[in-house]
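One rule links them: number in the numbering used here = place in the sequence shown (from 1) + 1475. Ideal Cβ placement from N, Cα and C applies to all residues, glycine included. Inspection log for the structure reproduced underneath, given as C-alpha cells.
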Amino acid sequence: MKKRQLSIALAAFLTASAVAPAAGMPVSAASSGNTVFINEVESDDPNGGNDWIEIVNTGDQAVDISGWFVTDDKGLERLTSNETKQFPDGTVLEAGAVMVLEDSIDFSFGLGKSDTVSLYNANSSLKDTYSYDGHALGTYSRVPDGTGEFVDQSSTKGAVNVTAQEPGEGENGESGQNMTALVINEINSSPDDWVELMNTGNETIDLSGCEIRDNSDDHRWRFSEGSTIEPGALLVVDAKTMGRIYNDQTDTFEENTFEAAIGIGSADSIRLYDSQGTLLDEYSWTEHASYEGDAAQASYGRYPDGTGAFALTKETKGQANEWYAPSVVINEVESNGDSTDWVEIKNTGDTAVDISGWYLYDNDPVGHASDITPVAEGTILNSGEYYVFEGNRDFSFGLGNEDKVSIYNSEGAAVAEYSWTTHAAGVYARIPDGTGELTEFQTSTKGEANLIVNPVVLNEVQSNDPDGGADWVELANPTQEALDVSGIIIRDNDDSHEYVIPEGTTIPANGYLVIDDLNFGLGSDDSVRLYEDGNLIANTTWTGHTSPTWGLYPDVNGQEYRNTQEATPGAANKFVDIPEVIAWPGAEEVTVFDTESTFLEDSSGLDFFGGQLYAVDNGTGKFWILDVAKDGTLSFANGFEEGKRIRFQKDASDPSAAGPDAEGITVDGAGLVYIASERDNSQKGINYNSILVVDPDTEGSDLTAVNEWDLTSSLPQVSANMGIEAVEWVSDTAVTDKLFDQNTGAAFDPADYPDAVADGVFFVALEDNGHVYAYVLNEDGTSVQIADIDSKLGGAMSLDYDTYENVLWVMTDDGYGNRGAKITLNGTETPEIVHVLPPSGVDTSANNEGFAIADASYTVNGQRPVYRFRDGVTSGALTVGSLNCDYSETSGDDGQQTGGNQQTGDNQQTGGNQNSGDKNAGGMDAQNQNFADQNKTAVSESDSGTQAPKTGDSSNVLLWAGAAVISLGGVISGFIMKKRHFM
C-alpha cells in the first residue's frame, strides 16, 4: 500500500527575497489570492507505478484546502461520477509544502498521453490547470517550483523541482539543460551504419561529451566539444562523422570517425549516454532491418518520431520517420446488433503478420486501460485471413453509439482506426472486402469476406409431403422492410435444375415466401442452394427425406438446420424443444418518452411498483424513481431528480469507488430496492454475479447496500459481461404450489426456507444462456437456488412478473431480435413457455435491456402501458408501448394482486418511495407489508390529470415539457416529462 504524502516541506523553496512563512491559522486561498498550484505531473511512470499530481503552496501562510480536488480533461464530470476525492475536512497545506495525489488513492481516472490536469477548490472553482501533448520522458515539472513554466525533466516527487543539471557543475552538457529530451530516433545497420538522434525538448541541448556505444562498453564514440542539437531537430551520426573515440589501451579519448569505434552489427545494440555516463536511451535487435528482403529499404526507428516505440521503418536518414505499417485493416465493426460487440481485421498484404500482443481500444483508452486482453502469443494472421476482436474476450467494454476503435501492435503503435457517429443499421463493413470504404452494411459476415448479398434466409424445405403435395422451399425476410428477391436462382444438388424467382417478387418485412412451383423435384439426400449474380448466398443439405420438413433452427436467426416438429409453410418454424411463437399481444405503436437527454448512457433495468417506475443505470449504479399518474404522466419522485447511487458494502467509506455494474432492478413488497450486478465496475474483467439491497428512503444520494448476496458460484461460469442481467422479486403467494423446487422435487413451499428475506422468491436472468434461475435469499447473506428454467431464447436481458396474468416475462435485446418469452409456472419441471415477437414499433436493432409492465389498473381502453429501457443512448432510452388487457374499473375486478411488484395507486407522496410498513432485508428489523391493501384507495389526484407541486417543494417550479402523445386503442394518452427548474 502506498502511503499518501500529505505535506512535505520544500527545502530551499523560498528565495532570499521571499518572506518567511508566518505562524497562525490557515487562511482560505479564495480570500487571500490563490497560492496553491499544480507543481508536477506524472502520467506514464516508467516503472509501472501510479499516475500522480503534485500541488504546492507558494504562499507564506498555510491554506485550508478542505474540499479541493483534481480532475483530468473530463473536468467536473469526474466529481459527479465519484472518480475523484475531495480533500477531507481539516486538510491544510503549509506554506512552502507540497501534497502528492495518486491514482487509485485520491482519484480513479488515469492520466492519458495527451491530457489536462485541473485543480478546483471546494466550490468547484478552477484554481489552476495544465495541458500537455504527449507523455513526458520524465515528469512535467514547474521550474522554479510553483511559479515557473512546466518542463520535461526527471521526477522529483514530493521534493523541490530542480533542473536536470545545476549550472557550473561537471563538464559539458550540464548547464541546466534537460538531457532526458535527447533520444535515439533511428538506427541503420545495413548496408551503411548510422544513428539518428532527436531533441524532443524545447531548448537547445549541448552534446559535448555525450557518447554513443554499441553492445560493448569498449566501443565508444563521443561528441566533440561545442556540438549541439536544436529543439525538435534530428542529428545523424554516420560512419564518417568525426568525434572522439575511446582507446581501451590508453584509457583515453582521441579524435577519429564513428566507424573507427563502432561497426553496427546484425544483432547488436545502440546506447546513448550523457557526459556523466548516465544512460539516456537504448535499443537492441537480433537481425538487420529489411523490407521484403532488402536491407536498403529499412531501418529501426521510433514511430511517431521521438516518442513512439521502435518499429520497422523506411530509411529516412535525417527526416521524419515513416513506419512500415503492416497491411492490416479494420474490415468490419459490430457495435450494437449482436450478442457481443466485435471488430474484425483483415491482412490485405502478401506476407503473414504476427499479431501477438495486439490490442484494441475505444475512444477512452485511459479509462479502459485495464479492460483489454492482448492477442495470445504466437498468433499469426496469414495473407487474406481475418481475426475478430471479441467483446468479453479481447476487451470488456462496450462500443458506443458514437465511438472509435483503434488497433495497436504489441509496441503500442497504432495500426488502424475507425470512428462513427451512430450505430450502424447492421454493421460497418468494407465494400469491396478489405479495400473499400467502411460503410453501413445490413448483414454481418463475421470472420468472412464482406459481400453485398441479398439478406434473404433459406428457412424451410419440404421434399416429401405426406399428403402428396408439391415440394416447396420457404424463404424468409429477416429485415424490417420489404425485400426484393427477384432473379435469385434456386438449385438442388444438380446444377442443371434451376428455378429463377420472377421479377417483382418481394417478401414483406419479417415475412415468409413459399415457392411450391419448382420445375424440379426435391429428393432424398438432396440440397437446396440459392444463388445471386453467380454467387452462392445460402444452402442446406439433408440426409434421407425431410421429416416432416427441414428447417432453420430455431427460426430465421438460427445457425443450423434440423428436422422440424411439423411443417409450417409461411410461418415460423416449429421444433420439439422450441415454444410456439405468437405475435405481440397488444398495440404495435411504441413512443419515445425522453426525446431530450434525461438519463445516462448505460440504461438497463426497469421495474413497476406502487404506482412508480424504477430505472437503473449499469455504468454508475444509479437508480431513479418516477411517479406514474393514471393519465400516463411520468415525473421524477421527490429526491430522485438526479437519482441515487448504490454502492457495495466494501466501498462504504470510498465514494469514488466504481461500484456495481447494476443491470437489473426490482422492488419487494416492503418497498426495498434490489439490484442485480454482473461485476464490480472497478474490476470489469471479472464476472461477479450479486444482488444488493438498499432502502430508497435513506437520506443522501449515495446508498450503501444493507445486505448482499454473491450468486457467482451457483451459476454457470461465464465471461465478465455475460452474467446476470435482471432480477425480479415475486411474492411467496404468487409462486407457492406453482414454482417447481429442484431441491425438494415438489412444488415450492416457503415453509422450507424459514430464513428467507422479503417473503418472496428472486428470479435472475443470465445473459449468456437465457436461463432464468430462482433463488431464496437468506438474512445471513447466503442464498439457495431452487429452480433453473430455460426460456429457450438463447439469451436474456430483462424480467417482469405480471401479477394480473400470473406469467413471468423474459425479454431479449437486439442480439435476439427483441423477442420475449411468457413463462407460466404450473408446479412441474416443465412450465408452459410461449415466445412473443416484438411489436412492429420496436426497433429490433435497439439494445433494450429493461422491461416493465404497468399495473392492470392503468389500463385505458383495453391497453396497459409497457416500458422498455434502451442501453447506449442518452435520449430515446425510455419507450412506452402497450399490452392488451381486459381489466376495467366496472368489471368488479380491482386489478390488484398479492404477488409480484405491480401495485396500484398513484403514490403521490411528498418524497421518494414513502410507503407505510417497516422493511426487512436480512438483519433489518421490520415487518413486510403487502402494498396491494394499502393502495386500494381512490386516486382522484391522478384522475384529474396533472400533478401540482408537492408540499415542501415551493423552491422549485415544475415545468411541463416534451409531450409525446401516442394512440393506444383509439385513446390518446400523454406521456409527459416533468423537469425541475431551480429558482
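Where the beta strand (DSSP E) through residue i begins and ends
i       : result
Arg1695 : Arg1695 to Arg1697
Leu1554 : Where Leu1554 is concerned, there is no enclosing beta strand (DSSP E), although the alpha helix (DSSP H) it sits in stretches over Glu1552 to Thr1555.
Glu1956 : Where Glu1956 is concerned, there is no enclosing beta strand (DSSP E), given that its DSSP letter is neither H nor E.
Ala2137 : Pro2135 to Val2142
Ala1904 : Val1902 to Ile1906
Phe1625 : Glu1624 to Gln1628
Trp2025 : Trp2025 to Tyr2028
Val2003 : Ser2002 to Glu2007
Tyr1615 : Thr1614 to Val1618
Asn2459 : Any question about residue 2459 goes unanswered here, given that the chain covers just 1476 to 2458.
Asp1813 : Careful: Asp1813 lies outside any beta strand (DSSP E) and carries neither H nor E.
Thr2354 : Leu2353 to Asn2359
Trp1421 : Absent from the model: residue 1421. The displayed extent of the chain is 1476 to 2458, so no value can be given.
Gly2050 : For the record, residue 2050 in the displayed sequence is Phe; it is not Gly. Counting along the chain, Phe2050 falls outside any beta strand (DSSP E), and DSSP gives it neither H nor E.
Met1673 : Trp1669 to Asn1674
Tyr2036 : Glu2035 to Asn2038
Whole-angstrom C-beta distance between residue j and residue i, which should lie under 8 Å
i       : j       : result
Glu1678 : Tyr1748 : Not a contact, Cβ separation roughly 20 Å.
Ala2137 : Arg2122 : Wrong, their Cβ atoms sit about 10 Å apart, outside the cutoff.
Ile1820 : Ala1891 : 7 Å
Ser2266 : Gly2245 : 5 Å
Ala2329 : Val2103 : 7 Å
Ala1784 : Gly1887 : 5 Å
Arg1695 : Ala1736 : 6 Å
Gly1842 : Phe2084 : 34 Å between Cβ atoms; not a contact.
Tyr2276 : Asp2263 : Their Cβ separation, rounded to whole angstroms, is 17 Å, which puts Tyr2276 and Asp2263 out of contact at 8 Å.
Assigned exposure category for residue i - 16 Cβ within 10 Å defines buried
i       : result
Tyr1721 : buried
Val1975 : exposed
Lys1549 : buried
Val2051 : exposed
Asp1726 : exposed
Ala1457 : In this structure the chain extends from 1476 to 2458, so residue 1457 is not present and cannot be described.
Gly2086 : buried
Pro2229 : exposed
Leu2443 : A caution first: Leu2443 carries a pLDDT of 31, below 50, which makes its placement in the model unreliable, though a value can still be read off. The residue is buried, with at least 16 neighbouring Cβ atoms inside 10 Å.
Pro2191 : exposed
Thr2426 : With a pLDDT of 26 at Thr2426, under the threshold of 50, the predicted position of this residue should be treated as unreliable, though the coordinate-derived value follows. So Thr2426 counts as exposed.
Asp1526 : buried
Asn1598 : exposed
Gln2338 : buried
Asn2359 : exposed
Lys2119 : buried
Asn1857 : exposed
Ala2271 : buried
Pro1941 : exposed
Residues bridged to residue i (per DSSP)
i       : result
Leu1787 : Tyr1775
Gln1536 : Per DSSP, none; premise fails for Gln1536.
Gly2235 : Ser2206
Lys2097 : Asp2092 and Arg2120
Glu2242 : Looking at the DSSP assignment, Glu2242 forms no beta bridge with any residue, so it has no partner.
Ala2151 : Gly2139 and Ile2166
Gly1986 : For Gly1986, which the question treats as bridged, DSSP gives no partner whatsoever.
Asn1822 : Val1803
Lys2125 : Per DSSP, none; premise fails for Lys2125.
Val1516 : Ile1528 and Tyr1615
Ile1680 : Ile1704
Ser2078 : Asp2092
Arg1688 : Arg1695 and Arg1746
Ser1466 : In the structure displayed, the chain extends from 1476 to 2458; residue 1466 sits before or after that span and is not available.
Val2067 : Thr2354
Glu2183 : Leu2167
Residue range of the unbroken alpha helix (DSSP H) whose run includes residue i
i       : result
Val2210 : Asp2207 to Val2210
Problem - Complete runs of the alpha helix (DSSP H) confined to the stretch 1542–1609 [at least 4 residues] - result: Within the stretch 1542–1609, the complete alpha helix (DSSP H) segments of 4 residues or longer fall at 1552–1555, listed in chain order.
Exercise for the section: Please list the segments of the beta strand (DSSP E) lying wholly inside the stretch 2256–2343, counting only runs of 3 or more residues, in order along the chain. Expected result: Runs of the beta strand (DSSP E) inside the stretch 2256–2343: 2258–2265, 2273–2277, 2282–2286, 2295–2299, 2307–2311 and 2323–2328.
Practice task
Jot down the residue ranges of each uninterrupted alpha helix (DSSP H) in the stretch 1692–1763, minimum 4 residues, whole runs only, in chain order.
Solution key: Taking only runs of at least 4 residues, the alpha helix (DSSP H) segments lying wholly in the stretch 1692–1763 are 1733–1736.
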